[in-house]
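S.K.:
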Amino acid sequence: MDSILAQDYPKDDLEVLVVDGMSDDGTRAIIEGYAMAHSFIRMLDNSRRITPCALNIGIKNAQGDIVLRSDAHSIYASSYIKDFI
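So the number in the numbering used here is just where the residue sits in the sequence shown, counting from 1, plus 1407.
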């Protein structure tokens, strides 16, 4: 999440949807903390715990015109979003 927050892309144009497979390892509390600190971050539930379902949930709930997928346990260059768009 820190590397997503460090993007050189305007935060006013950013929406971050974290689709969680009902984690029980503290991930949900961490994401809730990020969401409370940053209005453009939302956590969505993936009760089926299946990756394609998570992708569908994220796409269905996305409000923007462009959807980028990122994965947990990854660190992204600060230009990741800008370079893609």
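Virtual Cβ for every residue (Gly too), placed ideally from N, Cα, C.
Quick check for students: name the residue ranges of the alpha helix (DSSP H) that lie wholly in the stretch 1422-1458, counting only runs of 4 or more.
M.R.: Qualifying alpha helix (DSSP H) stretches, in chain order: 1434-1444.
S.K.: Determine, using beta-carbon pairs with one atom in the stretch 1470-1483 and one in the stretch 1443-1452, whether at least three such pairs fall under 8 Å.
M.R.: Output reads no: the stretch 1443-1452 does not touch the stretch 1470-1483.
S.K.: Starting from isoleucine 1488, trace the alpha helix (DSSP H) both ways and give me its first and last residue.
M.R.: Walking along the sequence shown from the start, residue 1488 turns up at place 81. 1487-1491 is the extent of the alpha helix (DSSP H) around isoleucine 1488.
S.K.: Checking 8 Å against the spacing of the C-beta atoms, do isoleucine 1437 and aspartate 1427 come in under that value?
M.R.: The residue given as residue 1437 occupies position 30 in the sequence shown. The residue given as residue 1427 occupies position 20 in the sequence shown. Going by C-beta atoms, isoleucine 1437 is not nearer than 8 Å to aspartate 1427.
S.K.: Taking alanine 1413 as the reference, give the member of Phe1491, Ile1492 and Tyr1483 with the closest Cα.
M.R.: By 1-based counting over the sequence shown, the position of residue 1413 is 6. Closest by alpha carbon: Tyr1483.
S.K.: Which residues mark the beginning and the end of the alpha helix (DSSP H) in which serine 1477 is found?
M.R.: Numbered from 1 along the sequence shown, position 70 holds the residue referred to as residue 1477. Element bounds for serine 1477: n/a, residue is neither H nor E.
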